[in-house]
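Undergrad: Quick one: the structure is below, questions incoming.
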Amino acid sequence: MTLSVTNTLTGEREEFEPGGDEVLLYVCGLTVSDDAHLGHARVWVHTDVMHRWLEHEGYDVRHVENFTDVNEKIVARIGEDDLGETEAEVAAHFIASVLDDMRGLNLERAEVYPRVSEHIPEIVALIETLIERGYAYESNGSVYFDVTKFPDYGKLSNQSVEEMESQGDASERGEKRHPADFALWKAGGVSAEDVAEHRKDGRETSDAPAGQTWDSPWGEGRPGWHIECSAMSMTHLDETIDVHVGGHDLVFPHHENEIAQSEAATDRRFARYWLHTGLLETAGEKMSSSLGNFFTVSNALEEFGPNVIRTFYLSTAYGSKQTFSEAAMEEARERWERLERAYDAAVEACDGVDARTKVEDPDLRAAVDEARGEFSRAMNDDFNAREAMAALLELASAVNRHREGRAEYDYRGLRRAIEAFDELGGGVFGLTFGGEAADGDVRLAGELVELVLDLREREREAGNYDRADELRDALAELGVEVEDSADGPTYRF
RNA sequence: GCCAAGGUGGCAGAGUCCGGCCGAACGCAGCGGCCUGCAGAGCCGCCCAUCGCCGGUUCAAAUCCGGCCCUUGGCUCCA
19 MTLSVTNTLT
29 GEREEFEPGG
39 DEVLLYVCGL
49 TVSDDAHLGH
59 ARVWVHTDVM
69 HRWLEHEGYD
79 VRHVENFTDV
89 NEKIVARIGE
99 DDLGETEAEV
109 AAHFIASVLD
119 DMRGLNLERA
129 EVYPRVSEHI
139 PEIVALIETL
149 IERGYAYESN
159 GSVYFDVTKF
169 PDYGKLSNQS
179 VEEMESQGDA
189 SERGEKRHPA
199 DFALWKAGGV
209 SAEDVAEHRK
219 DGRETSDAPA
229 GQTWDSPWGE
239 GRPGWHIECS
249 AMSMTHLDET
259 IDVHVGGHDL
269 VFPHHENEIA
279 QSEAATDRRF
289 ARYWLHTGLL
299 ETAGEKMSSS
309 LGNFFTVSNA
319 LEEFGPNVIR
329 TFYLSTAYGS
339 KQTFSEAAME
349 EARERWERLE
359 RAYDAAVEAC
369 DGVDARTKVE
379 DPDLRAAVDE
389 ARGEFSRAMN
399 DDFNAREAMA
409 ALLELASAVN
419 RHREGRAEYD
429 YRGLRRAIEA
439 FDELGGGVFG
449 LTFGGEAADG
459 DVRLAGELVE
469 LVLDLRERER
479 EAGNYDRADE
489 LRDALAELGV
499 EVEDSADGPT
509 YRF
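Written out as structure tokens, the structure reads:
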């Protein structure tokens, strides 16, 4: 079964054929001027699942995700709280917090997390090539890309240079020859006006910090926004990569400009497949740092945990937009718990039982095969995570059905179901079944809960239901949910 | 204004590329039943869909074609 993906460049579904043995994957990462929010995490999780699926299908994946650590917005935060006294310190602070978020979400690590500040020589070299080849020009110490020299400009976002010309305000052209020209290199440091524009806390701007500058053939300056991704992508992957991922809001101008400067420099196709994730919205508008309507990843992790967050994202196809709401998170929690409960029940049923199966349930076994097939079909269909998730939920139903009113289980069938949950739900979707590995305290807590449950069972057997309910309520207050079943009581934290 | 994506049940959201298995998936909410001391979970069943509007192609359209209405995103920092 082959994978097909929707390529923004053509707007069509295409069969996925990477250029070499290794799939080269680049993700446009964050500008580290703030904590990451759930909109960013949506891209991470979907990319993570693509990455995991490709590996599951036997591909080697080389995954590069950058951090943009040179930006006016970072400079604007220098001196705020205890973020740091230099652009590099502020950036380092947020990079650390983003990496924490990523770990918290159970993302597979990328091979490299390159930073702009560490690739200035590569950026300068790329700009020099563009000037030599006639695609860029210097103007007052800054360098601009000349969009009129690149005939394909606009091919990703379906816009034409002529249209941009007519819309551009000639008076704002300044150093640029064409209003759509964009900066590859910006002369000087960050201006006080730029800092003021991005400061949110109303501090004086007279002491505006300048941000870092670097030496270049055109004098002191800073790289423009788009050039970094081209330079880092080529440095850590290749001139042509297989997959370039990013949020839909990056199609224009960021990705359009990446294509222009990269292809102009190498005469080679920059990326085979452009995959764009739909944006996360809250109450009808996109979640964004600038709109201030965001839910931070670390807050969300605390409130919902990684499995619920991942389930939430995987309840929608990556390319569609998604709306964040408390109700939507509740639903994700229900979905995840339904899955987890079926998994736990299956594990519980098999616990300590001889592997030799005495009964065989053809319905259960067929359901496992069906779920695997459907999951695979869905993922190969442009990473349709929601349908793949539906396949897992169907398997959960089959496991529940199997256990219903049966004295003896099809242990082999249940083990196959567990394997499918582990491989697909765990390995591909990155969900963590069976909870975290228990440390000493957690183990002790578990033993204490079981002790209380034993006492409660005796009360129940004696018909003292009031006492039994008291114990259950007391445990509930401590955050321990007790559920009675035919096989005895179970609990969840 | 220009470019792009989208409008499917109470909610949410697949299916639209490759028309028929869609009398529309999975889930949440609601209703009935089973199970249970109760609760929860689970199981079985049910309810709710003129698939934005109008027209066309076809034996057959949520899916293809044309027109219209509306929403969101991009065009400025943005995942």
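Using the working numbering, you'd call the opening residue of the first sequence number 19 and step up by one each time.
Glycine is no exception: its CB is placed at the ideal position from the N, C-alpha and C atoms.
1) Would residue 396 pass as a contact of residue 405 if the rule is Cβ separation under 8 Å?
2) Can you tell me where the beta strand (DSSP E) with residue 291 in it begins and where it stops?
3) For a minimum of 3 consecutive residues, which ranges assigned as the beta strand (DSSP E) are wholly contained in the segment 29-57?
4) Taking the C-alpha atoms as reference points, what is the distance between residue 391 and residue 167?
5) Run the CB neighbour count on residue 280, radius 10 Å, all protein chains shown included, and call it buried at 16 or more, exposed below.
6) Assign residue 497 to one of three DSSP states: helix, strand, or coil.
7) Could you tell me whether the segment 284-301 touches the segment 218-231, using the rule of 3 or more Cβ pairs below 8 Å?
8) Give the secondary structure of residue 167 by DSSP, where H, G and I count as helix, E and B as strand, and everything else as coil.
9) Between which two residues does the alpha helix (DSSP H) holding residue 325 run?
10) Checking 8 Å against the spacing of the C-beta atoms, do residue 416 and residue 438 come in under that value?
11) Per DSSP, residue 203 forms a beta bridge with which residues?
12) Evaluate residue 89 with the Cβ neighbour count: other Cβ atoms within 10 Å of its Cβ, from every protein chain shown; 16 or more gives buried, anything less gives exposed.
13) Can you tell which of 199, 147, 177 has the C-alpha that lies nearest to the C-alpha of residue 528?
14) Which residues mark the beginning and the end of the alpha helix (DSSP H) in which residue 25 is found?
15) Specify, as a first and last residue, the run of the beta strand (DSSP E) that residue 80 falls within.
16) What three-state label does DSSP hand residue 63 in the structure shown?
17) Closest by CA to residue 345, which one among 104, 327, 63, 115?
18) Would you tell me roughly how many angstroms separate the C-alpha atoms of residue 321 and residue 46, rounded to the nearest one?
19) Please look up how many angstroms separate the CB atoms of residue 240 and residue 94, rounded, as I've assumed it's under 8 Å.
20) If contacts are defined as beta-carbon pairs under 8 Å, then residue 509 and residue 499 qualify, I think. What distance do you get, rounded to the angstrom?
21) Consult DSSP for residue 342 and reduce its assignment to one of helix, strand or coil.
22) Are at least three pairs of beta-carbons, each pair with one atom in the segment 347-357 and one in the segment 147-155, less than 8 Å apart?
23) Locate the alpha helix (DSSP H) running through residue 126, then write down its first and last residues.
24) Taking the alpha-carbon of residue 425 as reference, which of 176, 172, 504, 445 has the nearest alpha-carbon?
25) Which residues bound the alpha helix (DSSP H) around residue 269?
26) Report yes if the C-beta distance between residue 211 and residue 86 is below 8 Å; otherwise report no.
27) If you draw a straight line from the C-alpha of residue 201 to the C-alpha of residue 156, how long is it?
28) By how many angstroms is the C-alpha of residue 355 removed from the C-alpha of residue 173?
29) Give me the residue from 130, 213, 403, 378 with the minimum Cα distance to residue 420.
30) Give me the DSSP bridge partner(s) of residue 509.
31) Is residue 310 closer than 8 Å to residue 338 when the C-beta atoms are compared?
32) For the alpha helix (DSSP H) that contains residue 258, what are its first and last residues?
33) According to the neighbour-count rule (16 or more other Cβ atoms, all chains shown, within 10 Å of its Cβ), is residue 380 buried or exposed?
34) For residue 506 and residue 260, I'd like the C-alpha separation in whole angstroms.
35) By DSSP, does residue 217 sit in helix, in strand, or in coil?
36) If you follow the beta strand (DSSP E) that residue 299 is in, where does it begin and where does it stop?
TA: Working from what's here:
1) Numbered from 1 along the first sequence, position 378 holds the residue referred to as residue 396. Numbered from 1 along the first sequence, position 387 holds the residue referred to as residue 405. The Cβ atoms of residue 396 and residue 405 lie closer than 8 Å to each other.
2) In the first sequence, counting from the first residue as 1, residue 291 sits at position 273. Note, residue 291: beta strand (DSSP E), 289-295.
3) If we require 3 residues or more, the beta strand (DSSP E) runs fully inside the segment 29-57 come out as 30-33, 40-45.
4) Translated into the one-based positions of the first sequence, residue 391 becomes position 373. Translated into the one-based positions of the first sequence, residue 167 becomes position 149. Distance from the CA of residue 391 to the CA of residue 167, rounded to the nearest whole angstrom, comes to 49 Å.
5) As a first step, residue 280 must be located in the first sequence, where it is residue number 262. Buried, because 16 or more other Cβ atoms sit within 10 Å of the Cβ of residue 280.
6) Taking the first residue of the first sequence as 1, we reach residue 497 at position 479. In the three-state DSSP reduction, residue 497 falls in the coil class, being neither helix nor strand.
7) Contact fails: fewer than three Cβ-Cβ distances are below 8 Å.
8) On the first sequence, residue 167 is found 149 positions in, with the first residue counted as 1. The answer is helix: DSSP assigns residue 167 an H, G or I state.
9) Here residue 325 is taken as the residue at index 307 of the first sequence, counted from 1. Counted as a single uninterrupted DSSP element, the alpha helix (DSSP H) harbouring residue 325 occupies residues 315-331.
10) On the first sequence, position 398 is the one that residue 416 refers to. On the first sequence, position 420 is the one that residue 438 refers to. For residue 416 and residue 438, no; Cβs fall outside 8 Å.
11) Looking up residue 203 in the first sequence gives position 185. Paired residue(s): 161, 241.
12) The residue you call residue 89 lines up with position 71 of the first sequence. Residue 89 comes out buried.
13) Within the shown structure, residues of the chain are numbered from 19 to 511, placing residue 528 beyond reach of any answer.
14) Here residue 25 refers to the residue found at position 7 when the first sequence is read from its first residue. Taken as a continuous stretch (DSSP letters only), residue 25 belongs to no alpha helix (DSSP H), being part of the beta strand (DSSP E) at 22-25.
15) As a position in the first sequence, residue 80 is number 62, starting the count at 1. The continuous beta strand (DSSP E) containing residue 80 extends over residues 78-83.
16) The count along the first sequence starts at 1 and reaches residue 63 at position 45. Collapsing the DSSP output to three states places residue 63 in a helix.
17) The sequence position of residue 345 within the first sequence is 327, counting from 1. Considering only alpha carbons, the answer is 327.
18) Looking up residue 321 in the first sequence gives position 303. Looking up residue 46 in the first sequence gives position 28. Spanning the two alpha carbons is a distance of roughly 27 Å.
19) Within the first sequence, residue 240 is the residue found at index 222, counting from 1. Within the first sequence, residue 94 is the residue found at index 76, counting from 1. The distance from the Cβ of residue 240 to that of residue 94 is about 14 Å, inconsistent with a contact at the 8 Å cut-off.
20) The count along the first sequence starts at 1 and reaches residue 509 at position 491. The count along the first sequence starts at 1 and reaches residue 499 at position 481. In this structure, residue 509 and residue 499 form a Cβ contact; the two beta carbons are roughly 6 Å apart against a cut-off of 8 Å.
21) By one-based count along the first sequence, residue 342 stands at place 324. Correct three-state label for residue 342: strand.
22) Short answer: they don't touch.
23) Here residue 126 refers to the residue found at position 108 of the first sequence. Looking at the DSSP string, residue 126 is not in any alpha helix (DSSP H), and its letter there is neither H nor E.
24) Working through the first sequence from its first residue, we reach residue 425 at position 407. Comparing alpha carbon positions, the residue from 176, 172, 504, 445 closest to residue 425 is 504.
25) Stepping through the first sequence from its first residue, residue 269 is reached at position 251. Per DSSP, residue 269 belongs to no alpha helix (DSSP H) and is neither H nor E.
26) By one-based count along the first sequence, residue 211 stands at place 193. By one-based count along the first sequence, residue 86 stands at place 68. Note that the C-beta distance between residue 211 and residue 86 is not below 8 Å.
27) Stepping through the first sequence from its first residue, residue 201 is reached at position 183. Stepping through the first sequence from its first residue, residue 156 is reached at position 138. Rounded to whole angstroms, residue 201 to residue 156 spans 10 Å at the Cα level.
28) Sequence index remark: in the first sequence, residue 173 carries index 155 (1-based). Sequence index remark: in the first sequence, residue 355 carries index 337 (1-based). Between the alpha carbons of residue 173 and residue 355 lies a distance of about 44 Å.
29) Along the first sequence, one-based indexing puts residue 420 at 402. Comparing Cα-Cα distances from residue 420 to each of 130, 213, 403, 378, the minimum goes to 378.
30) What you label residue 509 is simply residue 491 of the first sequence in a count that begins at 1. Per DSSP, 500.
31) Here residue 338 refers to the residue found at position 320 when the first sequence is read from its first residue. Here residue 310 refers to the residue found at position 292 when the first sequence is read from its first residue. No. Outside cutoff.
32) Mapped onto the first sequence, residue 258 falls at position 240. That residue, residue 258, is in no alpha helix (DSSP H); it is neither H nor E in DSSP.
33) Locating residue 380 in the first sequence gives position 362, counting from the first residue. When all chains shown are included, residue 380 counts as exposed.
34) The residue you call residue 506 lines up with position 488 of the first sequence. The residue you call residue 260 lines up with position 242 of the first sequence. Rounded to whole angstroms, the gap between the alpha carbons of residue 506 and residue 260 is 53 Å.
35) Translated into the one-based positions of the first sequence, residue 217 becomes position 199. In this structure, DSSP gives residue 217 a state outside helix and strand, which the three-state scheme calls coil.
36) By 1-based counting over the first sequence, the position of residue 299 is 281. That run of the beta strand (DSSP E) goes 298-300.
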